[in-house]
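Engineer: This is the structure I have questions about; it appears just below.
Number of protein chains: 2
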Amino acid sequence: MKTKLSKIKPLENLSLVDKVELRLKEYFKENNLKIGDSLPKELEFAEALGVSRTVIREALLRLRTIGVIQSKKRSGMILTQPDIIQNFEKAIEYNLLGEEALVDIFELRLILEVGMADLLFARKTEEDINALDKIVSKIEKEENGNVVFSLKHEITFHSKLYQMSNNLTLQRFQDLLLPVFNYVHDDMPESAKNFQYSKGKFVSHRDLLNILKDGNAEDFREAMRNHLEPHFERVLSLIKA
Amino acid sequence: MKTKLSKIKPLENLSLVDKVELRLKEYFKENNLKIGDSLPKELEFAEALGVSRTVIREALLRLRTIGVIQSKKRSGMILTQPDIIQNFEKAIEYNLLGEEALVDIFELRLILEVGMADLLFARKTEEDINALDKIVSKIEKEENGNVVFSLKHEITFHSKLYQMSNNLTLQRFQDLLLPVFNYVHDDMPESAKNFQYSKGKFVSHRDLLNILKDGNAEDFREAMRNHLEPHFERVLSLIKA
DNA sequence: TTTTGTATTATGTCACACATATAAAAGTAC
DNA sequence: GTACTTTTATATGTGTGACATAATACAAAA
Chain A
26 MKTKLSKIKP
36 LENLSLVDKV
46 ELRLKEYFKE
56 NNLKIGDSLP
66 KELEFAEALG
76 VSRTVIREAL
86 LRLRTIGVIQ
96 SKKRSGMILT
106 QPDIIQNFEK
116 AIEYNLLGEE
126 ALVDIFELRL
136 ILEVGMADLL
146 FARKTEEDIN
156 ALDKIVSKIE
166 KEENGNVVFS
176 LKHEITFHSK
186 LYQMSNNLTL
196 QRFQDLLLPV
206 FNYVHDDMPE
216 SAKNFQYSKG
226 KFVSHRDLLN
236 ILKDGNAEDF
246 REAMRNHLEP
256 HFERVLSLIK
266 A
Chain B
26 MKTKLSKIKP
36 LENLSLVDKV
46 ELRLKEYFKE
56 NNLKIGDSLP
66 KELEFAEALG
76 VSRTVIREAL
86 LRLRTIGVIQ
96 SKKRSGMILT
106 QPDIIQNFEK
116 AIEYNLLGEE
126 ALVDIFELRL
136 ILEVGMADLL
146 FARKTEEDIN
156 ALDKIVSKIE
166 KEENGNVVFS
176 LKHEITFHSK
186 LYQMSNNLTL
196 QRFQDLLLPV
206 FNYVHDDMPE
216 SAKNFQYSKG
226 KFVSHRDLLN
236 ILKDGNAEDF
246 REAMRNHLEP
256 HFERVLSLIK
266 A
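Chains A and B, in that order, are what the protein sequence lines are.
Using our numbering, the letters of the first sequence map in sequence onto residues 26 to 266.
Using our numbering, the letters of the second sequence map in sequence onto residues 26 to 266.
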């Protein structure tokens, strides 16, 4: 009889570099290393771990790639604060994200805009409002009475909002979302571009600005939700696997 | 007089590996390579670019680190879909994020929870509601009448919400936010843990569930906002640089 | 036809050499 | 002593060639 092999589990198949990387992470924790601390040199690591310089270099290069360490000739290496957004960015640059991931990210953007109302109201300044006012006036002038969906205008207006949030991570996140936004927009059917708002629901940039001036976070959330209606309509109608 | 050199721009100070990496990116775009496509072998790249295998390997390793390519012995390399969240995760694992970044990320989480109401209402299922009901009942039982802030309970409940969003990126994002959440929570002063809600404002998990059952997105947003009141209070009171 | 062995091949690891940038030391002028 | 320049030492960056290893294709055996 032929016995089944369902129970036996594969022995872990880590490359030498993988192991070294894990070991390095341990090392950092054990020694409680902080940002700015300098590291032993490559050769010392190699010797201490009993591997070639090639291997330790590859492991360190991984860390350098995700921004955990920086290296300079002669000075050696130091621990640095990783830039999480930059990592994000790098992955996106290669245009290899699948449809689902792009939709997910697009949804994320909608969520952020609706959700960030409290931050805006807590941190808005007089100058912010004035700057936003100028932006809205310019948009209105260019639209010239026609309410058309203009990607350029959208971006200008909403970028300013993100900036007002005073949350750098959020801000940079939005910068990097723009290409995705672009992609989803280009892919948009004509029907969506000429979206008909439900009666009385249309919220213009001017409306949003006015709420930001005199209203409260709650009203702003609902207004933004309606402002983004066409986009919500679009993603919420998708059947997800 | 010593002339200022503010305008002159530094000649590009890119390492050979940097240049090769850029060249590779170009190559991918020019040839319109897609996920799953296989790449020439290291030696061919090295020869074509006129660099050593060491250099091309380091450039490729960077791509491997951010998840743009995968390599296997003998089979060579193929393009893969980068996992943006994983990149994020790796950077966080090293506990090197500064205070500001952590606060930014914590704020992000608050924004997401308030903003994701529409997704929840569009995608909730009968099973989701039942599962959530069980979770709430369990929490209530353990709380035994006392409304204490329990990180464990918070996580269980809110994780389920993220799961209901049916947005995998969002879900994984939250998984990875937990350590940050933990950190910020541990750092919380006792006063915040015993936060007194404004009169009539307290929203329990049960309240949220009920709205999710019979209410609408708008109500849910406001309820969630109040549910998270102590956290909002905390971050919005911070003076940011 | 299915299994098992074998050759091939692209990546993984190694050792060693040399290039290059630069921090630190030594030297120089004032 | 101070300010500046030159030299030197050194850690990372790059190059070369070799061998190890695992995955694949293919042949041989059952």
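Even for Gly, the Cβ is constructed at its ideal location relative to N, Cα and C.
Mind pulling the chain B residues with CB within less than 8 Å of A/GLY123?
Structural biologist: Those within 8 Å of A/GLY123 in chain B are ILE60 and GLN106.
Engineer: In this structure, how does DSSP classify A/ILE91 when only helix, strand and coil are distinguished?
Structural biologist: Coil.
Engineer: Under the rule that 16 or more other beta-carbon atoms within 10 Å means buried, what is A/GLU37, buried or exposed?
Structural biologist: Exposed, by the Cβ-count rule.
Engineer: Along the beta strand (DSSP E) that carries B/MET102, what are the first and last residues, could you check?
Structural biologist: Per DSSP, B/MET102 belongs to the beta strand (DSSP E) from 101-104.
Engineer: Check whether the Cβ of A/ALA248 lies closer than 8 Å to any Cβ atom in chain B.
Structural biologist: No - not a single Cβ of chain B is within 8 Å of the one on A/ALA248.
Engineer: So does A/ARG48 have its beta carbon nearer than 7 Å to some heavy atom of the ligand FAD?
Structural biologist: By its list of ligands, the structure shown contains no ligand whatsoever, and the ligand FAD lies outside what it can speak to.
Engineer: Counting only C-beta atoms, is B/MET102 closer than 8 Å to chain A at any point?
Structural biologist: Chain A contact via Cβ: absent.
Engineer: With DSSP as the reference, label B/SER184 as helix, strand or coil.
Structural biologist: Of the three classes helix, strand and coil, the one that applies to B/SER184 here is helix, per DSSP.
Engineer: What number of angstroms, rounded off, separates the C-alpha of A/ILE110 from the C-alpha of B/ILE110?
Structural biologist: Between A/ILE110 and B/ILE110, the C-alpha separation is close to 11 Å.
Engineer: Output the boundary residues of the alpha helix (DSSP H) element that contains B/LYS115.
Structural biologist: Unbroken alpha helix (DSSP H) run through B/LYS115: 109-118.
Engineer: How long is the line joining the alpha carbons of B/ILE94 and A/GLU125, rounded to whole angstroms?
Structural biologist: The alpha-carbon atoms of B/ILE94 and A/GLU125 are separated by roughly 19 Å.
Engineer: Assuming the contact rule is C-beta atoms closer than 8 Å, B/VAL161 and B/LEU74 should be a hit. Round their C-beta distance to whole Å, please.
Structural biologist: Wrong, their Cβ atoms sit about 60 Å apart, outside the cutoff.
Engineer: Can you give the beta carbon distance from B/ILE91 to A/ASN112, rounded, assuming they're within the 8 Å contact cut?
Structural biologist: With 8 Å as the limit, B/ILE91 and A/ASN112 qualify as a contact, their Cβ atoms being about 7 Å apart.
Engineer: Tell me A/SER77's beta-bridge partners as DSSP assigns them.
Structural biologist: None, per the DSSP bridge assignment.
Engineer: How many Å lie between B/MET189 and B/LEU145 at the Cα?
Structural biologist: One C-alpha to the other measures close to 6 Å.
Engineer: Scan the stretch 137-154 of chain B for residues whose Cβ lies nearer than 7 Å to a Cβ of chain A and list them as they occur along the chain.
Structural biologist: Hits within the stretch, in order: LEU137, VAL139, GLY140, MET141, ASP143, LEU144 and ALA147.
Engineer: Can you confirm whether B/LYS15, when its beta carbon is compared against all beta carbons of chain A, has any partner nearer than 8 Å?
Structural biologist: As displayed, chain B neither begins before 26 nor continues past 266, which places residue 15 of chain B out of reach and without an answer.
Engineer: What does B/ASP200 reach in chain A if we use C-beta pairs closer than 7 Å?
Structural biologist: Result: empty, since nearest Cβ-Cβ is about 14 Å, beyond 7 Å.
Engineer: Contact defined as beta carbons within less than 8 Å: I believe A/LEU133 pairs with B/LEU203. What is the distance between those atoms, to the nearest angstrom?
Structural biologist: Their Cβ separation, rounded to whole angstroms, is 18 Å, which puts A/LEU133 and B/LEU203 out of contact at 8 Å.
Engineer: Taking only beta-carbon atoms, is B/VAL93 less than 8 Å away from chain A?
Structural biologist: At least one chain A Cβ lies under 8 Å of B/VAL93.
Engineer: What is the rounded straight-line gap between the Cα of B/LYS97 and the Cα of B/ARG246?
Structural biologist: Approximately 48 Å between the Cα atoms of the pair.
Engineer: Select from A/ILE60, A/ILE81 and A/ASP62 the residue whose C-alpha is nearest the C-alpha of A/GLU69.
Structural biologist: The shortest Cα separation from A/GLU69 among A/ILE60, A/ILE81 and A/ASP62 belongs to A/ILE81.
Engineer: Would you verify that the beta carbon of B/PHE227 is, or is not, closer than 8 Å to some beta carbon of chain A?
Structural biologist: No, no contact with chain A.
Engineer: When the Cα atoms are used, what is the spatial distance from A/LEU237 to A/SER229?
Structural biologist: Their backbone Cα atoms lie some 13 Å apart in a straight line.
Engineer: DSSP state of A/LYS97, grouped into three classes?
Structural biologist: Strand, per DSSP.
Engineer: Taking the alpha carbon of A/MET179 as the reference point, which residue from A/GLU138, A/ASP153 and A/ILE154 has its own alpha carbon closest?
Structural biologist: The question names Met, yet the displayed sequence has Glu at residue 179 of chain A. Ranking the options by Cα distance to A/GLU179, first place goes to A/GLU138.
Engineer: From what residue to what residue does the alpha helix (DSSP H) around A/ASN155 run?
Structural biologist: That run of the alpha helix (DSSP H) goes 151-168.
Engineer: Using a cut-off of 9 Å between C-beta atoms, extract the partners of B/LEU68 located in chain A.
Structural biologist: The contacting residues do not exist; B/LEU68 stays about 16 Å from chain A at best.
Engineer: Between B/LEU121 and A/ILE60, how many whole angstroms is the CB-CB distance? I'm expecting something under 8 Å.
Structural biologist: Between A/ILE60 and B/LEU121 the Cβ distance is about 6 Å, and since that is below 8 Å, they are a contact.
Engineer: So A/ASN38 contacts chain B; which residues on that side make the cut at Cβ distance below 7 Å?
Structural biologist: What A/ASN38 touches in chain B: nothing, since even the nearest Cβ is about 11 Å away.
Engineer: On the DSSP letters alone, give me the boundaries of the alpha helix (DSSP H) that A/ILE236 sits inside.
Structural biologist: Unbroken alpha helix (DSSP H) run through A/ILE236: 230-239.
Engineer: According to DSSP, simplified to helix, strand and coil, what is A/LEU253?
Structural biologist: Three-state DSSP puts A/LEU253 in coil, outside helix and strand.
Engineer: For a contact meaning CB atoms closer than 8 Å, what does B/LEU195 contact in chain A?
Structural biologist: Those within 8 Å of B/LEU195 in chain A are ASP129, GLU132, LEU133 and ILE136.
Engineer: I'd like the list of long-range same chain contacts for A/ALA84, defined as Cβ closer than 7 Å, with 5 residues on each side in sequence excluded.
Structural biologist: So the list reads VAL42, VAL45, GLU46 and LEU49, once near-sequence residues are dropped.
Engineer: Please classify A/ARG231 as buried or exposed, where buried requires at least 16 neighbouring CB atoms within 10 angstroms.
Structural biologist: Result: exposed.
Engineer: Does any CB atom of chain B fall closer than 8 Å to the CB of A/ASN112?
Structural biologist: Taking Cβ atoms only, chain B reaches closer than 8 Å to A/ASN112, which makes this a yes.
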